[in-house]
Amino acid sequence: MRLALSLGYLSNRNTPADRLALAREADRLGLSAVWVAEAYGSDAATLLAWIGAQTERIDVGSAIFQIPARTPTMTAMTAATLDLLTGGRFRLGLGVSGPQVSEGWYGVPFAKPLARTREYLEVIAKALGRETVEYAGEHHTLPVPDGPGKPLKLMLHPHRERIPTYLAAIGPKNLELAGELTDGLLAVFWAPEFADEQLASIRAGRERGGRADEPFDVVPSVPLVIGDDLEKAAEPVRPYAALYVGGMGSREKNFYNALATRMGYGDAAREVQDLYLSRRQRDAAAAVPLEFIDRTSLLGPVDRVADRMREFAASGVTTLSLAIHANTLEESVNQLRLAAEAYEKSGTA
Numbered sequence: 452m453r454l455a456l457s458l459g460y461l462s463n464r465n466t467p468a469d470r471l472a473l474a475r476e477a478d479r480l481g482l483s484a485v486w487v488a489e490a491y492g493s494d495a496a497t498l499l500a501w502i503g504a505q506t507e508r509i510d511v512g513s514a515i516f517q518i519p520a521r522t523p524t525m526t527a528m529t530a531a532t533l534d535l536l537t538g539g540r541f542r543l544g545l546g547v548s549g550p551q552v553s554e555g556w557y558g559v560p561f562a563k564p565l566a567r568t569r570e571y572l573e574v575i576a577k578a579l580g581r582e583t584v585e586y587a588g589e590h591h592t593l594p595v596p597d598g599p600g601k602p603l604k605l606m607l608h609p610h611r612e613r614i615p616t617y618l619a620a621i622g623p624k625n626l627e628l629a630g631e632l633t634d635g636l637l638a639v640f641w642a643p644e645f646a647d648e649q650l651a652s653i654r655a656g657r658e659r660g661g662r663a664d665e666p667f668d669v670v671p672s673v674p675l676v677i678g679d680d681l682e683k684a685a686e687p688v689r690p691y692a693a694l695y696v697g698g699m700g701s702r703e704k705n706f707y708n709a710l711a712t713r714m715g716y717g718d719a720a721r722e723v724q725d726l727y728l729s730r731r732q733r734d735a736a737a738a739v740p741l742e743f744i745d746r747t748s749l750l751g752p753v754d755r756v757a758d759r760m761r762e763f764a765a766s767g768v769t770t771l772s773l774a775i776h777a778n779t780l781e782e783s784v785n786q787l788r789l790a791a792e793a794y795e796k797s798g799t800a
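Heads up: the sequence shown begins at 452 in the working numbering, then just goes up one per residue.
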């Protein structure tokens with residue numbers, strides 16, 4: 452199991468300089484990748500280019516590029532460019548986002564997300580394979596019929612013949628799609644005790660795609676707070692968990708809430724959602740069960756975190772991506788160094 456760093460997106464709680472400094476420390480420590488997100492603020496591609504230009508060994512990955520934000524051929528162009536600029540250090544992570552962002556920010560209907568994702572991945576594979584792109588799907592048609600356009604081929608030669616692709620997936624069908632068409636999974640709220648169900652869906656997809664013997668990278672983004680007191684360590688993670696379980700999406704369609712329910716936290720998930728949607732965010736955070744946070748995070752002293760790393764590795768995780776919950780750059784760097792110490796103690800390298 453390798454270590455990686457999840458930087459998320461820029462916010463008013465972190466500066467670009469702080470994000471870069473943490474990425475460079477991860478590079479110095481020998482972490483395998485740094486992942487950058489986007490929502491409806493900072494975009495991932497620009498930040499990845501900036502970080503990639505100022506690091507040396509560490510891979511840079513999108514976690515995620517939002518599918519409704521770009522046409523598939525634009526995504527292929529961006530991936531090829533980033534891979535060339537970084538000397539083959541780019542990883543392409545994709546996801547459909549959610550209905551509120553897709554329709555509210557991008558003006559793209561969220562209906563049939565699985566079918567749209569399949570088509571999107573198939574067009575990208577053609578483009579990055581430098582095929583002349585022709586595609587006739589329900590959601591993507593290239594070129595436009597009966598128009599002046601003609602089939603085109605990517606002009607740029609990527610650094611590598613194959614850029615690794617990842618899919619952010621939560622539900623069983625989307626997990627199967629990740630297994631069938633991509634090289635890895637970008638996961639959230641990964642609990643080692645619950646991993647068998649998710650891995651079974653991935654294996655079904657690998658078998659359907661004829662890729663059962665190929666390697667597959669399981670990459671959960673895992674909150675990290677190293678400290679002596681377990682309950683105190685969980686506190687910074689509570690707002691994050693409440694946001695996703697309670698407020699990410701509508702009451703009728705929240706994938707994270709559904710995941711927490713499948714994990715056995717249905718009553719708590721409903722309470723957190725009720726509180727969050729009533730704009731009682733602090734109460735929602737307090738209502739997230741400590742057990743749920745602990746099962747899906749790395750909390751406590753270094754030795755306990757090392758033990759938990761062993762559990763994540765045993766559950767099938769191949770890249771453990773650390774989402775550091777700290778208030779300052781100094782604290783974040785210290786947390787990252789302690790995590791590297793725990794990783795060495797875990798013996799999971």
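Glycine included, each C-beta is placed from N, C-alpha and C at the ideal position. Owing to the predicted nature of the structure, the values given are computational and were not obtained by experimental measurement.
- Comparing alpha carbon positions, the residue from 667, 785 and 570 closest to residue 634 is 667.
- Secondary structure note for residue 696: it is in no beta strand (DSSP E), with a DSSP letter that is neither H nor E.
- A Cβ-Cβ distance of about 5 Å is found for the pair residue 735 and residue 697, placing them in contact under the 8 Å criterion.
- The DSSP-derived three-state label of residue 543 is strand.
- Excluding the 5 residues flanking it on each side, residue 468 has no same chain C-beta neighbour closer than 6 Å.
- The DSSP-derived three-state label of residue 635 is strand.
- DSSP lists no bridge partner for residue 569.
- A residue is called buried when at least 16 other Cβ atoms come within 10 angstroms of its Cβ; residue 747 meets this threshold and is buried.
- Relative to residue 485, the option among 660, 649, 772 and 695 whose CA is nearest is 772.
- Cα atoms of residue 540 and residue 725: separation of roughly 42 Å, rounded to the nearest angstrom.
- If one requires a minimum length of 3 residues, the beta strand (DSSP E) runs lying completely within the region 748–777 are 749–751 and 770–775, in chain order.
- Taking a C-beta distance under 8 Å as the contact criterion, residue 652 and residue 626 qualify as a contact pair.
- By the Cβ-count criterion, residue 595 is exposed, with fewer than 16 other Cβ atoms from all chains shown falling within 10 Å of its own Cβ.
- For residue 677, the pairing in a beta bridge is given by DSSP as 751.
- Under a 10 Å Cβ-count criterion, residue 452 is classified as buried, with 16 or more other Cβ atoms of the shown protein chains found around its own Cβ.
- Residues of the same chain with a CB within less than 6 Å of the CB of residue 711, apart from the 5 flanking positions on each side, are 696 and 720 in chain order.
- Cα atoms of residue 655 and residue 526: separation of roughly 27 Å, rounded to the nearest angstrom.
- Annotation: the continuous alpha helix (DSSP H) that includes residue 657 extends over 646–659.
- Looking at 760, 715 and 756, the one whose alpha-carbon comes closest to that of residue 740 is 715.
- If the five residues before and after residue 520 are omitted, its C-beta is found closer than 7 Å to the C-beta atoms of 557, all from its own chain and listed in chain order.
- The three-state reading of DSSP puts residue 725 in helix, counting H, G and I together.
- With a beta-carbon spacing of about 7 Å, residue 670 and residue 455 fall inside the 8 Å limit used to define contacts.
- Your pair residue 552 and residue 490 checks out as a contact, with CB atoms roughly 7 Å apart and the cut at 8 Å.
- For residue 487, the uninterrupted beta strand (DSSP E) run begins and ends at 484–487, by DSSP.
- The residue from 765, 465, 743 and 729 with its alpha-carbon nearest to that of residue 718 is 743.
- Setting aside the 5 residues that flank it on each side, residue 581 is surrounded in the same chain by 604 and 605, each with a C-beta closer than 7 Å to its C-beta; the list follows chain order.
- By the neighbour-count definition (other C-beta atoms within 10 Å, threshold 16), residue 705 is a buried residue.
- Every alpha helix (DSSP H) of 4 residues or more that sits fully in the region 560–608 is shown, in chain order, as 564–579.
- In this structure residue 508 is exposed. Its beta-carbon is surrounded by fewer than 16 other beta-carbon atoms within 10 angstroms.
- Residue 513 is not a Cβ neighbour of residue 536, given a cutoff of 8 Å.
- Put simply, the backbone Cα of residue 566 is about 16 Å away from that of residue 621.
- The region 782–791 and the region 670–690 touch, with no fewer than 3 CB-CB distances between them shorter than 8 Å.
- With respect to the C-alpha of residue 750, the residue from 738, 673, 784 and 713 having the closest C-alpha is 673.
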